[in-house]
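Each remark here refers to the structure printed beneath this line.
Protein chains: 2
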Amino acid sequence: MPGVRRVNRGPSAAAENRAALIAAAREVFASDGYEAPLTSITRVARVGQGSLYRHFPDRISLALAVFEDGVRELEALAAEPGATLDAMLALMTEQMIASTAFVDMVSVSPADPRILRLGDHVAGLLDGLLAEARRAGRIRADLTAGDLMLAVGMVAGILSKKPAADRREAAELAWKLLRGGIGA
Amino acid sequence: MPGVRRVNRGPSAAAENRAALIAAAREVFASDGYEAPLTSITRVARVGQGSLYRHFPDRISLALAVFEDGVRELEALAAEPGATLDAMLALMTEQMIASTAFVDMVSVSPADPRILRLGDHVAGLLDGLLAEARRAGRIRADLTAGDLMLAVGMVAGILSKKPAADRREAAELAWKLLRGGIGA
DNA sequence: CAATAACCGGACGTAACTGTCCGGTTATTG
DNA sequence: CAATAACCGGACAGTTACGTCCGGTTATTG
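Residue numbers (my numbering), protein chains in the order written: chain W, 46 to 229; chain Y, 46 to 229.
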């Protein structure tokens, strides 16, 4: 009993297969983590291994496709007229609560040029809101963009180690500590 | 050419083999990370696979043996009369700069009872110094032991993602942010 | 309605680790 | 100085994932 044998739907299925792979990867990355076997993604997408590797030569290509939507959300927020640093950090935090795959990808392949570029891009979005936040007096005046990225990294590090159910609470506590400081 | 063929030194080598495995594991965990192949540890220790699994049935047993020394350092510091919370955090940070294997073990196997016990033990050492630090006014009065553990976890998360060369600088920055807070 | 080109699925070869098993070596005991 | 018990090393079997390859299916074209 060979289980459900997938049918070859021919060349016209190319775009659908690609979309199914991205959707499946988003799901599997979120539930089983960024390092989940690629085979399990083809199973969920109901697509052969060949199609996976044809559309996405490696894990990073697939992951980048998965994250495109999230990055677009961040860009859209940054482009809004009244955008604040707080709102941007909140959105990033929400995304990390939903899935830590992005963060895990960065820590697994920190040197990949595509990831470096994307990281710089995201850092730029934060940086663009930094001056505003300083002006408004909502963050320390001496805080640099690098400080801010490290702070985000600290929250990300905590979230990527917690089960999804505990992440919101942990994120709130982490930001509370970071905002107020632990010193007297 | 079968390379250097190890010699079977018989039962009298048991203790030496055990010690060699611990030393090799400390080295390999520090340089290749906590998830390094156990085989590479037997190579460095110049010991057969059989001896590894005889002495340490699994990775965690071996790792716990490796970390015993570090834990004793922490205990010794906590037992000193003039011990401060700052000194304890500094020592933990130094240990994490030298190797993030402990932290990585915790994040790989958070549910293992031996690790839970050890984590509680370490948390206890911090907790014991909390009252003193509060009294001395060096930390916020409303800071709980849980807050403190999360703060340590945040620093640990950063360090475990950085190459050894960058860790000291990152740790200093992370503690600076945590101490002072990023808010205005 | 062939012939062809594009694409599909999954079997398969390869590689990396884990953990076991056993023939062989060494110390001990009487 | 045997006989034996304890322990050693590494070969090996089992598992899991990756990435390729190819026979087969579908749409297109003339």
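We put the beta carbon where it would ideally sit given N, CA and C, even for glycine. Because the structure is a prediction, the values reported are computed rather than measured.
Interface residue (Cβ-Cβ distance to chain Y less than 8 Å): Arg212 (chain W) is not classified as such. Residue state for Ile227 (chain W) is assigned as coil, using DSSP reduced to three classes. For a Cβ distance threshold of 8 Å, residue set Leu195, Gly198, Met199, Gly202 of chain Y lies close to Ile203 (chain W), ordered along the chain. Taking 8 Å as the CB threshold, Leu161 (chain W) stays off the interface with chain Y. Using a CB distance cut-off of 8 Å, Arg180 (chain W) does not count as an interface residue toward chain Y. Contacts between Arg104 (chain W) and chain Y, judged by CB atoms closer than 9 Å, are missing: the closest CB pair is about 17 Å apart.
If you ignore the 5 residues before and after Val73 (chain W), its C-beta comes within less than 7 Å of the C-beta of Ala81, Ser85, Ile86, Val89, all in its own chain and listed in chain order. Spatial neighbours of Phe147 (chain Y) in its own chain (CB-CB distance under 6 Å, excluding positions within 5 residues in sequence) are listed in chain order as Phe112. Beta-bridge pairing by DSSP links Ile184 (chain Y) to W:Gly228. Of the candidates W:Leu134, W:Ala186, W:Ile105, W:Leu107, W:Leu134 places its Cα closest to the Cα of Glu118 (chain W).
Using a Cβ-Cβ cut-off of 8 Å, Arg185 (chain Y) counts as an interface residue toward chain W, since at least one Cβ of chain W sits closer than that to its own. Using a Cβ-Cβ cut-off of 8 Å, Asp192 (chain Y) counts as an interface residue toward chain W, since at least one Cβ of chain W sits closer than that to its own. Those residues of the region 142–171 of chain W placed with their C-beta closer than 9 Å to a C-beta in chain Y are Val151, Ser152, Pro155, ordered along the chain.
By the C-beta density criterion, Ala143 (chain Y) is exposed, having fewer than 16 other C-beta atoms within 10 angstroms. For Leu188 (chain Y), the residues of chain W that pass the 8 Å Cβ criterion are Ile227, in the order they occur in the chain.
For a cut-off of 8 Å, the C-beta gap from Gly225 (chain W) to Gly228 (chain Y) is around 6 Å, short enough to register as a contact. For Ser106 (chain Y), the number of other beta carbons within 10 angstroms of its own is below 16, and it is reported as exposed. Straight-line measurement puts the Cα of Leu188 (chain W) at about 26 Å from the Cα of Gly191 (chain Y). Thr87 (chain W) sits in a helix when the DSSP states are folded into three classes. Within the same chain, no Cβ atom closer than 8 Å to the Cβ of Ala64 (chain Y) is found once the five residues on either side in sequence are excluded.
For Leu136 (chain Y), the closest Cβ of chain W is not nearer than 8 Å.
Using a CB distance below 7 Å, no part of the region 99–124 of chain Y faces chain W.
Counting along the chain, the unbroken alpha helix (DSSP H) around Ala64 (chain W) starts and ends at 59–77. The DSSP-derived three-state label of Asp114 (chain Y) is helix.
With a 10 Å radius around the Cβ and a threshold of 16 neighbouring Cβ atoms, Ala215 (chain W) comes out buried. If only complete runs of 4 or more residues are kept, the region 105–178 of chain Y shows the alpha helix (DSSP H) at 130–143, 146–153, in order along the chain.
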